[in-house]
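A.B. asks: Sharing a structure here in structure tokens format.
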Amino acid sequence: METECRKGIEMPDTFDAIVIGGGVIGASTAFHLKSLGCPRVLLVERGDICAGGTAKSCAIIRTHYTVQSNSVLALKSLEVFQNFSEVLSDPDADSGFVNSGYIILAADDDIAEHLLESVSTQSSAGVDTYEISPTEALELHPRLNVEDAKVLAYEPNSGYADPYLTTTGFISAGRKLGVEVRPNCTVTGLMMEGQRITGIETTQGPVHAKTVISAVGPWTGNIATWAGLSIPLEVSRHIVLTFRDANPYEATLPIVKDMTTANKMYFRPSSGGVALVGTGDHGEPVYNADELDENVSDDFVLHQGGQMAHRMPSFTNAELVASWTGPYDITPDWNPVLGRVPEVDGLILAYGFSGHGFKLAPMIGKILAQTTLNEACDVDPHPYRLNRFAEGELLTGAYGVGSIS
């Protein structure tokens, strides 16, 4: 089979494929490249592995989407999280996956209608999801207040994972196959001959390759500038809080997605018996992902605390334990860009995950590797092409903009 990973001229620093970015997408891509037979694979990361956006992820694993291709990616990725060490052929690999289940609830409105349609579509496609009654929801999560929830659905196989364990699991498994990993190696430019990629410039010197896969998320604007591209990308700041009640929040309680809230609040158990709380809305636009304001206003904490107290009355007097911020890389339709760039031969982009990339990372890494090797992809990447925006074929979900798509 002819691929782009052919043996080329031997040079001191020459690879068949270079992956830029040491987060979960890059780590998954590098692993899959090597496991599919690419001879020489290099992953470069400007800092430590899993020190960027992945480190801030809430790592929720669900399959609920109204964009069907997302649901397929999520279902296939869930199977990887469930069988992580087996898929990676590494007995030491552990994603930290906890099968807690996932409840999504809505008021009696258009969102509820879309919720029911999505559950029906996903169920017919093989996803284990179904509508539940308020009584059934309370059996699963006794702390909930569901009086204003008119439609509820449940995914029994969903849960959450550990971003660091997942990322380093892919890295370790990839290294055992022969992936070379260079942390603390900053990319400073692309090497090109005309409109063809020939490698990258780094703080450790030039590295040659015919294929470069960019998996740097909110920092993709730099790659686009070096390649002479104009891409749709907005970076926003998102806040995550953890609250502690008088009683420990059980690790096996289901994740809850509250679509009755304007900011599409969600919460899940986290270590130390706390509840981790985030939002799926637009967040605050920022111009530099490296300069996120880590300060969280009292008004935001009070607002989120109030929403939590409504949905779980036992949290009425809960205390704030911690807060952090992280970047979302957002496209106009809140769905990723995956694949080759027609204008630049040898450049493959993966960006715009808009807050829901972690759960898709296992399969995204695989289809990026398959794209690199000119192999048939397990999931068709065509809907995620960069040119869809110019062509007016956006992947906007039924819920509108937001990370749940």
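To convert, take the position in the sequence shown, counting from 1, and add 3; that gives the working numbering.
In this text, a Cβ means the ideal position worked out from N, Cα and C, and glycines have one as well.
1. Using DSSP with H/G/I as helix, E/B as strand and the rest coil, what is tyrosine 133?
2. Apart from the five residues on each side of it in sequence, which residues of its chain come closer than 7 Å, Cβ to Cβ, to threonine 205?
3. In chain order, what residues of the same chain have a beta carbon less than 7 Å from the beta carbon of valine 277, not counting five sequence neighbours either side?
4. Excluding sequence positions up to five away, which residues of its chain have a Cβ less than 8 Å from the Cβ of glutamate 5?
5. Check phenylalanine 246 in the structure and name its three-state DSSP category.
6. Consult DSSP for threonine 66 and reduce its assignment to one of helix, strand or coil.
7. Would you kindly check if the distance between the Cβ of phenylalanine 84 and the Cβ of alanine 164 is under 8 Å?
8. How big is the Cα-Cα spacing for arginine 43 and isoleucine 23?
9. Could you check which residue in Leu141, Ala227, Ala128 has the C-alpha nearest to that of valine 343?
10. CA-CA distance, leucine 39 and valine 90?
11. Within 10 angstroms of the Cβ of tyrosine 331, are there 16 or more other Cβ atoms? Answer buried if so, exposed if not.
12. Grouping DSSP H, G and I as helix and E and B as strand, with all else coil, what is valine 122?
13. Could you pull out every unbroken beta strand (DSSP E) segment of at least 3 residues lying fully inside the region 190–257, listed in chain order?
14. How would you label aspartate 261, buried or exposed, when you count the other beta carbons within 10 angstroms and need 16 or more for buried?
15. Let me make sure I understand the geometry here. Which of Phe270, Ala353, Leu352 has the alpha-carbon closest to that of phenylalanine 318?
16. Pairs of beta-carbons, one from the region 168–185 and one from the region 48–64, closer than 8 Å: are there three or more?
17. Buried or exposed, going by whether 16 or more other CB atoms sit within 10 Å of the CB of histidine 385?
18. For aspartate 16 and methionine 194, what's the separation of their Cα atoms in angstroms?
19. Taking threonine 375 as part of the alpha helix (DSSP H), name the residues at either end of that continuous run.
20. For proline 94, does the three-state DSSP call read helix, strand or coil?
21. CB-CB under 6 Å to alanine 176, same chain, minus the five flanking residues each way: which ones, in chain order?
22. Identify the continuous alpha helix (DSSP H) that holds serine 72 and give its terminal residues.
C.D. replies: Working from what's here:
1. Start at 1 with the first residue of the sequence shown, and residue 133 comes out as number 130. For tyrosine 133, the three-state secondary structure derived from DSSP is strand.
2. In the sequence shown, residue 205 corresponds to position 202, counting from 1. Taken in chain order, the residues that qualify are Val47, Cys188, Thr189, Val190, Thr191.
3. Here residue 277 is taken as the residue at index 274 of the sequence shown, counted from 1. Contacts found: Thr245, Phe246, Arg247, Tyr252, Val324.
4. By one-based count along the sequence shown, residue 5 stands at place 2. Unreliable placement is indicated for glutamate 5, whose pLDDT of 37 sits below 50; the coordinate value is still reported in the next sentence. Around glutamate 5: Asn377.
5. On the sequence shown, residue 246 is found 243 positions in, with the first residue counted as 1. Residue state, collapsed to three classes: strand.
6. If you number the sequence shown from 1, residue 66 lands on position 63. Coil.
7. As a position in the sequence shown, residue 164 is number 161, starting the count at 1. As a position in the sequence shown, residue 84 is number 81, starting the count at 1. For alanine 164 and phenylalanine 84, yes; Cβs fall inside 8 Å.
8. Residue mapping note: residue 43 aligns to position 40 of the sequence shown, counting from 1. Residue mapping note: residue 23 aligns to position 20 of the sequence shown, counting from 1. In a straight line, the C-alpha of arginine 43 is about 14 Å away from that of isoleucine 23.
9. Working through the sequence shown from its first residue, we reach residue 343 at position 340. At residue 343 the sequence reads arginine, which differs from the valine that was named. For the set Leu141, Ala227, Ala128, the Cα lying nearest the Cα of arginine 343 is the one of Ala227.
10. Walking along the sequence shown from the start, residue 39 turns up at place 36. Walking along the sequence shown from the start, residue 90 turns up at place 87. Computed Cα separation, rounded: 13 Å.
11. As a first step, residue 331 must be located in the sequence shown, where it is residue number 328. Under this definition tyrosine 331 is a buried residue.
12. Along the sequence shown, one-based indexing puts residue 122 at 119. In the structure shown, valine 122 sits in a helix (DSSP, three-state: H, G or I).
13. 190–196, 199–205, 214–217, 237–247
14. The residue given as residue 261 occupies position 258 in the sequence shown. The residue is buried, with at least 16 neighbouring Cβ atoms inside 10 Å.
15. Along the sequence shown, read from residue 1 onward, the residue named residue 318 stands at position 315. Ranking the options by Cα distance to phenylalanine 318, first place goes to Phe270.
16. yes
17. Looking up residue 385 in the sequence shown gives position 382. By the neighbour-count rule (16 or more Cβ atoms within 10 Å), histidine 385 is not buried but exposed.
18. In the sequence shown, the residue the question calls residue 16 occupies position 13. In the sequence shown, the residue the question calls residue 194 occupies position 191. The alpha-carbon of aspartate 16 is positioned some 13 Å away from that of methionine 194.
19. Counting from 1 along the sequence shown, the entry for residue 375 is found at position 372. Unbroken alpha helix (DSSP H) run through threonine 375: 364–375.
20. Counted from its first residue, the sequence shown places residue 94 at position 91. Correct three-state label for proline 94: coil.
21. Here residue 176 corresponds to residue number 173 of the sequence shown, with the count starting at 1. Excluding sequence neighbours, alanine 176 sits near Phe34, Leu91, Asp93, Ala96.
22. Within the sequence shown, the letter at position 69 stands for residue 72. Run containing serine 72: 71–85, per the alpha helix (DSSP H) assignment.
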